[in-house]
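Using my numbering, the first residue of the sequence shown is number 3, and each one after it goes up by one.
Glycine is no exception: its CB is placed at the ideal position from the N, C-alpha and C atoms.
In what follows, a structure is listed as structure tokens, so that the remarks can point back to it.
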Amino acid sequence: PLCPRQSQRSVENSSVESPKMAESPNHSSYSTTTTTTTNNQTVPRIPVEIVSEEEMALIEAALAATRSSLSSSSAISSVSSSSTSLFSSLSPTQFQRNARSIHSITLLSKRKLSKCTGNSSARDIEDLGVGSRSPQKRNRVIQSWLHRFRRKRGLSVTDITATEWCEKQMEFILRLGRPETTKAMKAGSSRHAVLEEEIVKRVKVRIETNEDAWALKFMNFIVGANQLLFDGLTRELPLIGFTEGVWLVGVVDEIRMPVTETDRNPTLVDTKTRVQATLPAEPQRRNGRLQLMCYKYMWDNLVADNFPFRQFFDFFSLNPHYILSKEIRENTANSGFTGKSLDDLVRYFRNTCCMLPPADDQLLLRYELQEDHSLLGEDLFAYDYDWLKGQIQCSLEFWLGEREANFTPEEERWKCRFCQFASVCPTNTNPDGTYTKLD
């Protein structure tokens with residue numbers, strides 16, 4: 003629940019002293035003043051409204067929904083006066099949804115608006131007047147999306163590619179929940195499972211702790227890497243990396259060793275399924291390229307022994323000396339190596355990485371038709387480190403709360419026709435909440 007406290011936004015820039023500021027925070031209080039000039043002219047009374055934290059949250063929620071100007075004090079006043087009617091007009095479902103998002107909207111409103119403030123001020127509102135605030139307020143930290151939804155988990159490569167596709171859609175997913183899985187998505191997942199089972203035997207293992215879960219990931223990597231070295235091919239290989247101060251996890255579809263003896267760098271491959279017998283548009287290809295480049299970046303850092311294992315244990319709150327479950331230990335023994343603790347698995351993991359060469363700079367995207375799995379085409383492209391770094395940094399600006407979510411560019415708004423949040427997105431101006439289908 004939100005801690006009620008009075009908001010002094012409307013009186014910070016005035017000399018009015020209100021004797022009612024200590025009244026109940028659940029109700030708005032008013033104070034008026036009359037000033038007499040040297041010509042004995044009376045200035046009309048100007049009401050000053052002190053609103054509670056809950057009312058400010060409702061105001062900011064309404065402003066965020068309508069995309070009105072944040073700098074208009076008259077707009078804030080008008081919304082505040084009607085906050086009770088707005089509150090009562092919501093359906094139970096809308097009320098629950100808005101109640102869950104009020105806190106996140108309030109936090110978003112307190113971030114610096116880089117497009118509005120420019121270089122005039124680099125400090126957040128929370129940093130102003132530090133000396134006059136109580137320790138509780140002074141120590142308050144505005145939580146980012148990363149802290150709220152990916153703490154102790156790290157970001158996935160899918161989180162990076164999803165924000166490249168549309169940051170606003172990612173924000174909706176975080177606030178409102180992920181939409182239902184479509185038939186196309188289910189078909190794609192099923193196809194990946196079939197491809198994996200062609201060369202990898204899946205064994206069900208019971209997980210009891212987080213240490214067991216990570217031990218299983220490291221074991222799967224070790225087994226998959228050995229399969230790559232001996233058979234020249236492996237699939238569904240888990241990866242982990244550390245970039246820009248953030249942990250990144252992912253699973254690469256396929257890794258192939260080169261056929262010729264002169265080349266020894268493996269090729270990273272990702273397979274995409276298509277409902278229609280056509281190749282995807284450029285934004286979809288770009289998104290797929292970003293995914294594979296993330297995998298190469300993570301792979302190359304692992305094989306270069308750049309895995310900060312102590313930071314890994316600390317970030318994920320893992321005990322390196324934890325004795326793994328009996329089932330995990332039996333599976334590691336059956337795989338050809340013995341490991342009792344998580345630290346043992348990490349050492350095997352690092353030793354395995356040191357035996358692997360960097361990935362080839364040429365990456366491969368494959369497109370298959372879902373109906374019969376026929377090959378529609380392949381996209382062989384070069385790894386671009388500078389472009390990848392820029393994309394990751396841009397994504398982290400969103401995840402770390404350095405700015406608000408960007409909308410899809412105008413020229414790519416066709417994506418909105420396939421978005422399940424289109425009806426509530428501020429970019430949609432149609433009265434019925436639907437996007438017009440283009441020819």
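Check: Alpha carbon of Leu294 to alpha carbon of Ser146, nearest angstrom; Outcome: 26 Å
Check: Sub-7 Å separation of Asn289 and Trp167 beta-carbons; Outcome: yes
Check: Integer-rounded CB distance, given that Ala407 should sit under 8 Å from Glu169; Outcome: 4 Å
Check: Range covered by the beta strand (DSSP E) that runs through Pro240; Outcome: Leu235 to Thr245
Check: Inter-stretch contact (C-beta, 8 Å, three-pair minimum) for the stretch 412-428 and the stretch 259-266; Outcome: no
Check: The stretch 238-256 / the stretch 276-287 touching (three or more Cβ pairs under 8 Å); Outcome: no
Check: Three-state secondary structure assigned by DSSP to Asp255; Outcome: strand
Check: Nearest-angstrom beta carbon gap, Pro268 and Leu304 [assumed within contact, 8 Å]; Outcome: With 8 Å as the limit, Leu304 and Pro268 do not qualify as a contact, their Cβ atoms being about 12 Å apart.
Check: Top-ranked residue by Cα proximity to Asn308, from Leu320, Cys355, Leu270 and Thr340; Outcome: Cys355
Check: Glu332 to Glu380 span [Cα, whole Å]; Outcome: 41 Å
Check: Cβ pair Leu347, Phe244 closer than 7 Å; Outcome: no
Check: Val132 versus Leu398 - alpha carbon distance; Outcome: Low local confidence applies: a pLDDT of 34 at Val132 is under 50, so the model's placement there is unreliable, and no value is given.
Check: Burial state of Asp161, where buried means 16 or more other Cβ atoms lie within 10 Å; Outcome: buried
Check: As assigned by DSSP and simplified to three states, the class of Ser319; Outcome: coil
Check: Own chain partners of Met172 with C-beta closer than 6 Å, once the 5 adjacent residues on each side are dropped; Outcome: Ala164 and Thr165
Check: Rounded separation between Asp2 and Ser319 - CA only; Outcome: With the chain covering only 3 through 441, there is no way to say anything about residue 2.
Check: Residues near Glu311 in its chain [Cβ-Cβ closer than 6 Å; skip 5 each side]; Outcome: For the record, residue 311 in the displayed sequence is Phe; it is not Glu. Val348.
Check: Residue-chain proximity (Phe400, chain C), Cβ-Cβ < 7 Å; Outcome: Of the protein chains in this structure there is only one, and it is not chain C.
Check: Alpha carbon of Ala67 to alpha carbon of Asn228, nearest angstrom; Outcome: Legend: pLDDT at Ala67 = 47, less than 50; position of this residue unreliable, value from coordinates given subsequently. The straight-line gap from Cα to Cα measures roughly 53 Å.
Check: Of the residues Ser376, Phe317 and Leu390, the one placed nearest Arg153, counting alpha carbons only; Outcome: Phe317
Check: Rounded C-alpha distance that separates Glu14 from Arg291; Outcome: Confidence is the limiting factor: at Glu14 the pLDDT is only 37, short of 50, which leaves the residue's position unreliable and the question unanswerable from this model.
Check: CB-CB length for Ser337 against Glu210, believed under 8 Å; Outcome: With a Cβ gap of about 19 Å, Ser337 and Glu210 do not count as contacting.
Check: Selection from Thr429, Ala424 and Tyr297 that minimises the alpha carbon distance to Pro181; Outcome: Ala424
Check: For Leu382 and Glu370, believed in contact at Cβ under 8 Å, the rounded distance; Outcome: With 8 Å as the limit, Glu370 and Leu382 do not qualify as a contact, their Cβ atoms being about 16 Å apart.
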